[in-house]
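Input: a single structure, listed below in structure tokens.
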Amino acid sequence: MLIYSEKLTSRYPHLAAAFATIPQGEPHLRRLQDLNNTWQNMLLSGSTRHYTEVVITEDRPVLPAEDSFDIIYAGGGLNLLNAAIMSRRFGLRVLVFDRFTVGAVHREWNISRDELRELLEVGLLTPDELESVIQREYRDGLVRFHPQHIQVPAAELHLKGVLDVAVDAEKLTSLCIRKIQELQLSGLPNIILHSTTFVHCAVQPASGVTVDVIDASGQKHSFSARLLIDGMGSTSPIACQLNCGRPFSLVCPTVGTVARGYKRGNAPGAIDPEVGEVLVTTEDARNGRQLIWEAFPGTGDQVAIYLFHYAEAGTSVDLLELFDRFFEQLPSYKDTSTVEIIKPVYGFIPAGYNISLPWQKKPKVLAYDRVLSLGDAAAFQSPLTFCGFGSYVRNVRRITTLLALALETNCLRAGDLNLIRASESVPAVARAFSKFMIAKPEYAEAPWQVNETLNVFCRVLYDMGPRVTNAFFKDRISWRDYTRLVLKTPGYYPKIYRLAFSTLSLAEGIGWVTAWLQLGRQSAGYLLYRTAKPLSRSSPGSLVIETVSRAFPGMGLHIAVTGEAMKQVARGAGKQVARTGKRRGIAYWLAGLWPQG
Numbered sequence: 017m018l019i020y021s022e023k024l025t026s027r028y029p030h031l032a033a034a035f036a037t038i039p040q041g042e043p044h045l046r047r048l049q050d051l052n053n054t055w056q057n058m059l060l061s062g063s064t065r066h067y068t069e070v071v072i073t074e075d076r077p078v079l080p081a082e083d084s085f086d087i088i089y090a091g092g093g094l095n096l097l098n099a100a101i102m103s104r105r106f107g108l109r110v111l112v113f114d115r116f117t118v119g120a121v122h123r124e125w126n127i128s129r130d131e132l133r134e135l136l137e138v139g140l141l142t143p144d145e146l147e148s149v150i151q152r153e154y155r156d157g158l159v160r161f162h163p164q165h166i167q168v169p170a171a172e173l174h175l176k177g178v179l180d181v182a183v184d185a186e187k188l189t190s191l192c193i194r195k196i197q198e199l200q201l202s203g204l205p206n207i208i209l210h211s212t213t214f215v216h217c218a219v220q221p222a223s224g225v226t227v228d229v230i231d232a233s234g235q236k237h238s239f240s241a242r243l244l245i246d247g248m249g250s251t252s253p254i255a256c257q258l259n260c261g262r263p264f265s266l267v268c269p270t271v272g273t274v275a276r277g278y279k280r281g282n283a284p285g286a287i288d289p290e291v292g293e294v295l296v297t298t299e300d301a302r303n304g305r306q307l308i309w310e311a312f313p314g315t316g317d318q319v320a321i322y323l324f325h326y327a328e329a330g331t332s333v334d335l336l337e338l339f340d341r342f343f344e345q346l347p348s349y350k351d352t353s354t355v356e357i358i359k360p361v362y363g364f365i366p367a368g369y370n371i372s373l374p375w376q377k378k379p380k381v382l383a384y385d386r387v388l389s390l391g392d393a394a395a396f397q398s399p400l401t402f403c404g405f406g407s408y409v410r411n412v413r414r415i416t417t418l419l420a421l422a423l424e425t426n427c428l429r430a431g432d433l434n435l436i437r438a439s440e441s442v443p444a445v446a447r448a449f450s451k452f453m454i455a456k457p458e459y460a461e462a463p464w465q466v467n468e469t470l471n472v473f474c475r476v477l478y479d480m481g482p483r484v485t486n487a488f489f490k491d492r493i494s495w496r497d498y499t500r501l502v503l504k505t506p507g508y509y510p511k512i513y514r515l516a517f518s519t520l521s522l523a524e525g526i527g528w529v530t531a532w533l534q535l536g537r538q539s540a541g542y543l544l545y546r547t548a549k550p551l552s553r554s555s556p557g558s559l560v561i562e563t564v565s566r567a568f569p570g571m572g573l574h575i576a577v578t579g580e581a582m583k584q585v586a587r588g589a590g591k592q593v594a595r596t597g598k599r600r601g602i603a604y605w606l607a608g609l610w611p612q613g
């Protein structure tokens, strides 16, 4: 097939012209088209969504030791962090494969320094390695929404410590690959396989899982493991099968470029290298889509700029069309007169939450026996910033610790593995907010409505202060502060009630209340955890927990899941307290007891 066909050029002229000049433009365009087509075929089949049975239960012969692993990772992006930790920290033999290049990422990564330190605390990176993957740190993060036609005062946010560190994604994944490959476990090496495509897997619940793949030459191979991790991203066939063809509820189609040569400074159209533009709109919604920009300076004079919008997972979204809009409108956002494009960035970033309503059969599931979805395949990142890297890093210590325990105790049934997931309490309540960022057709809503709503939101957060704002953008907001935010909004914007009824369906409204109650339950659980922690750490308490865990491994895993969740909440709460300095008085003491998410 000719990539630069007449049809492509006529339908997407700006895209075709840009990719003709981008280094390795044709391979990127092939991957872009492949990703676009896969998304449409898998997730846009309407009420009769189809999916392929790629996970089956059947007996297979035992494979030789050199083809057997503790964990097999399908997908070589963020999975590499997990694989390197499981290998180096827990001494497990791993295989990582990807249908393209293991470690090749197609989006730059931004995070805060305190979150990035998780990779240091979990033993993946040394302090020197941590510093080596940091490209740039910003003094400010900008959130600004187009105010031209809105009926409320404009408001913008300046974030401190939110997405303010630009990470060299390729260097980080290269470090992980090196750490994986340099280990020899029981005389057998870990394995990295490029250009290797997942076909299906056969689960033997009592013994393991056999994974069938095809290499670049079309040759079939089989590998066995105790556990398969699905990290095949937003178009994962395993995630699609797990949830009956409906793995996600929201999606954020994202396109952009990494380029050099932008003019520097504070003038309109220039790039300030000390400022990350986190969420910026420059116009009202068009054709039922509110386009949002991001701009993150990187190493040297390189800058990553993205364009995206929020959509329901079942609606038509097209990366090719969005890329065409990107290249058409980029000059109105930044001065591109002297810009040289280094590479394109693109992807579908999904979101989906485990909030089950009384009439629903079951919540979102992540696991079969010996098969578990993580990362974008699980889709538990924040629906506000859609930052999969930040969510993955925030949860990596919790998930790797629980995976090691599940393997050690052989708790690898679907019910056990389904407990091992990213924290979802804050992302779940944020899902309702993200619905207000999805523009409606002009006959149903004014094109400036999204910008007006988001300016109100910025105003409320600004008045609540930087601690709450920081926590909200990092999935750490407490039930108390979230409730305050919800209750304050109508005072600024009485129209929010009518807007909420027109934006959220009855099921979505009940789902939001359910998520709010679950966040409250987590906060109450954290207070109980803080009270009971001294007892659990005492000799009698430790002995009881250890005895129960040995006698009933499944119960032990449940106890560990709760404990790791509370430890993660405590880490977030501690960082928020440290950031705001020393607190004094009974009010501050009580506030310190309440968790930040």
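Going by our numbering, the first residue of the sequence shown is number 17, and it counts up by one from there.
Glycine included, C-beta positions come from ideal geometry on N, C-alpha and C.
Since this is a predicted model, take the numbers as computed values, not measurements.
Sequence-distant Cβ neighbours of A420 in its own chain, meaning closer than 6 Å and more than five residues away, are F106. L79 and T73 have their C-alpha atoms spaced approximately 17 Å apart.
The three-state secondary structure of V381, taken from DSSP, is coil. Annotated three-state conformation of T73 is strand, per DSSP. Per the coordinates, the alpha-carbon of L266 lies some 25 Å from the alpha-carbon of A581. Take P169, set aside five residues on each side of it, and the residues of its chain with a beta-carbon closer than 8 Å to its own are N471, R475, in chain order.
Restricting attention to L520, Y408, G404, R414, the CA atom closest to the CA of F452 is found in L520.
Taking one beta carbon from each stretch, the segment 110 to 117 and the segment 201 to 211 have 3 or more pairs nearer than 8 Å; the two touch.
Membership of P313 in the beta strand (DSSP E) is indicated by the continuous run 308 to 313. Only residues of its own chain outside the window of five on either side were considered, and among them D228, I230 have a CB closer than 7 Å to the CB of K236, listed in chain order. For the 8 Å CB-CB criterion, V361 and H122 form a contact. Taking C-beta atoms as the reference points, V159 and Y278 fail to come closer than 8 Å. With contacts defined as CB atoms closer than 8 Å, W55 and S250 qualify as a contacting pair. With 16 or more other CB atoms across the displayed protein chains lying within 10 angstroms of its CB, T417 is buried.
Note on H165: under 16 other CB atoms within 10 angstroms of its CB, so exposed under the neighbour-count rule. DSSP places C217 in the uninterrupted beta strand (DSSP E) bounded by 213 to 220. Within the model, the alpha-carbon separation for T469 versus D86 is close to 49 Å.
As a beta-bridge residue in DSSP terms, H174 pairs with L158. Spatial neighbours of G224 in its own chain (CB-CB distance under 7 Å, excluding positions within 5 residues in sequence) are listed in chain order as S240, A241, R242, R386. When DSSP states are grouped into helix, strand and coil, K236 belongs to the strand group.
Taking a C-beta distance under 8 Å as the contact criterion, R152 and P289 qualify as a contact pair. A straight-line Cα-Cα distance of about 7 Å links I358 and P39. The three-state secondary structure of L51, taken from DSSP, is helix. Between H325 and P269 a beta carbon distance of about 7 Å is seen, short of the 8 Å cut, so the two are scored as contacting.
With a beta-carbon spacing of about 28 Å, D184 and T297 fall beyond the 8 Å limit used to define contacts. Excluding residues up to 5 positions away in sequence, A90, S252, I254, S389, A393 lie with their Cβ nearer than 6 Å to the Cβ of D246 in the same chain.
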